[in-house]
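Since the structure comes first, as structure tokens, the remarks are kept for the end.
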């Protein structure tokens, strides 16, 4: 594009000139993001976080999150500066690195954590959906948008675990349960802290589609 020629895009992390604005980050910075290795750890942190809450096959976060980590900078731009290209690029990275692993074996469809339409209008897009789209593009797994947020909820930032659980209790619902019942669904979100939102999504899916199988995959998780 002419704009890219006049104002070359730069890596958000190191400032290196990029060949395409859609790249967002250079290969060196992408390689330097701290991976969790959860897909190789049957008893990883995410498995422990959801154990006993609902039945699931796998649970993993691909990157480790801390406030001073490079992934935190990318997530901030992705969520609060409307940079959908970051979510798409990170989704493709995750898909490329996991598509031949046990984590994705037997998965039938990818289902992102939905966003209520009011919040989506305010933010401009659902980052979990774009992240899921990137994973879908890399793996070939179909994207499923049957899960809906039927009411808005308050921000989950800076509230305790019990408040988070109350905020998201009963706010998700499947539109057509018969379309996903019996499928192995990969539930996608951006950052997992307490797991309240993902738990509400999973239990809502299983309430209406009891023969579905759930696996959890997030971009990052707070340690």
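Numbering (my numbering), first residue to last: 1 to 223.
All C-beta atoms, glycine included, are put in the ideal place defined by N, C-alpha and C.
The beta strand (DSSP E) that contains residue i, what's its start and end?
| i | result |
| --- | --- |
| residue 50 | Run containing residue 50: none in the beta strand (DSSP E); it sits in the alpha helix (DSSP H), 45-50. |
| residue 225 | Because the chain in this structure spans residues 1 to 223, residue 225 falls outside the shown range and cannot be described. |
| residue 31 | Where residue 31 is concerned, there is no enclosing beta strand (DSSP E), although the alpha helix (DSSP H) it sits in stretches over 27-32. |
| residue 172 | 172-174 |
| residue 54 | It is not in any beta strand (DSSP E) - residue 54 carries neither H nor E in the DSSP assignment. |
| residue 16 | Segment: none, residue 16 is in no beta strand (DSSP E) and carries neither H nor E. |
| residue 225 | An answer regarding residue 225 cannot be provided, because it is not within the stretch 1 to 223 covered by the chain. |
| residue 188 | 184-192 |
| residue 59 | 59-65 |
| residue 213 | 213-222 |
Contact defined as beta carbons within less than 8 Å: I believe residue i pairs with residue j. What is the distance between those atoms, to the nearest angstrom?
| i | j | result |
| --- | --- | --- |
| residue 175 | residue 146 | 5 Å |
| residue 131 | residue 70 | Not really, about 17 Å apart at Cβ, beyond 8 Å. |
| residue 201 | residue 187 | 6 Å |
| residue 24 | residue 120 | Contact flag wrong, Cβ pair sits at about 22 Å. |
Any beta-carbon of chain D closer than 9 Å to the one on residue i?
| i | result |
| --- | --- |
| residue 203 | In the structure shown, chain D cannot be found, because there is only a single protein chain. |
Going straight from the alpha carbon of residue i to that of residue j, what length do you get?
| i | j | result |
| --- | --- | --- |
| residue 106 | residue 144 | 15 Å |
| residue 216 | residue 198 | 8 Å |
| residue 40 | residue 28 | 23 Å |
| residue 219 | residue 152 | 23 Å |
| residue 8 | residue 194 | 39 Å |
| residue 208 | residue 109 | 17 Å |
| residue 14 | residue 172 | 39 Å |
| residue 114 | residue 19 | 32 Å |
| residue 156 | residue 16 | For residue 156, the predicted model reports a pLDDT of 49, less than 50, meaning its position is unreliable; a value from the coordinates is still stated below. Their Cα atoms are separated by approximately 34 Å. |
| residue 137 | residue 95 | 8 Å |
| residue 101 | residue 112 | 20 Å |
| residue 45 | residue 51 | 10 Å |
| residue 124 | residue 68 | 26 Å |
| residue 253 | residue 203 | As shown, the chain starts at 1 and ends at 223. That puts residue 253 outside it, with no answer to give. |
Taking C-beta to C-beta, are residue i and residue j nearer than 9 Å?
| i | j | result |
| --- | --- | --- |
| residue 73 | residue 98 | no |
| residue 55 | residue 214 | yes |
| residue 93 | residue 196 | no |
| residue 134 | residue 59 | no |
| residue 192 | residue 149 | no |
| residue 223 | residue 65 | yes |
| residue 77 | residue 12 | yes |
| residue 38 | residue 61 | yes |
Which ranges does the beta strand (DSSP E) cover as unbroken runs of at least 3 residues, wholly within the segment 81-167, from first to last along the chain?
109-112 and 147-149
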